[in-house]
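See structure below.
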Amino acid sequence: MNHTLRAEVERALLDQKAEIDRAGAHALEPNRRDPGDVKTDEDAQPLNEMNQAIASRRNRARSASLGQIERALRKLAEAPEDFGLCESCEEPIGERRLRLMPWAELCIECQAAEETSDDARRAGGRRNLTDFDD
Numbered sequence: 389m390n391h392t393l394r395a396e397v398e399r400a401l402l403d404q405k406a407e408i409d410r411a412g413a414h415a416l417e418p419n420r421r422d423p424g425d426v427k428t429d430e431d432a433q434p435l436n437e438m439n440q441a442i443a444s445r446r447n448r449a450r451s452a453s454l455g456q457i458e459r460a461l462r463k464l465a466e467a468p469e470d471f472g473l474c475e476s477c478e479e480p481i482g483e484r485r486l487r488l489m490p491w492a493e494l495c496i497e498c499q500a501a502e503e504t505s506d507d508a509r510r511a512g513g514r515r516n517l518t519d520f521d522d
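Residue numbers (our numbering): 389 to 522.
Structure representation (structure tokens):
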């Protein structure tokens, strides 16, 4: 990877990290606003629970994104010669992929293979609709 691309990728990672930090975590609204109020509004309860679930999912996604970005920045700082190499096949990750996803750890081919095997595991080992045909 050339120096210009490395600098561009590092800047993109730092910008994305700053943007996520600036946005902050999503607030989890309490089910009751007044701690002295022992009654709950049964009509509002499902909406509150749904909003809490959405905020929680967004916070998990935010944490996962920050983790990916921080791992990429750490790798860039500690092993710049390895940055941009696929962690599976050790071939260079395409420039376009790195520009779009500067935290990418796998090349497109290895990512596709991993997603295919993940899908197969989730489906109980079944890879095609016809796997169980007689």
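Heads up, the beta-carbon is just placed ideally off N, CA and C, and yes, glycines get one too.
Assign residue i to one of two classes, buried (16 or more other C-beta atoms within 10 Å of its C-beta) or exposed (fewer than that).
i	result
proline 434	exposed
proline 490	buried
glycine 412	exposed
cysteine 495	buried
glycine 472	buried
phenylalanine 520	For phenylalanine 520, the predicted model reports a pLDDT of 49, less than 50, meaning its position is unreliable; a value from the coordinates is still stated below. Flag for phenylalanine 520 reads exposed.
So residue i and residue j are in contact, right, with Cβ under 8 angstroms, and what is the actual spacing, rounded?
i	j	result
glutamate 483	leucine 393	6 angstroms
The alpha helix (DSSP H) spanning residue i covers which residue range?
i	result
histidine 391	391-411
methionine 438	433-466
Let me make sure I understand the geometry here. Which of the options has the alpha-carbon closest to that of residue i?
i	options	result
asparagine 436	Leu454, Ala415, Gln456 and Gly455	Ala415
Would you call the region 448-458 and the region 396-410 touching, i.e. three or more CB-CB distances under 8 angstroms? yes
With three or more beta-carbon pairs closer than 8 angstroms as the criterion, would you say the region 460-475 touches the region 488-505? yes
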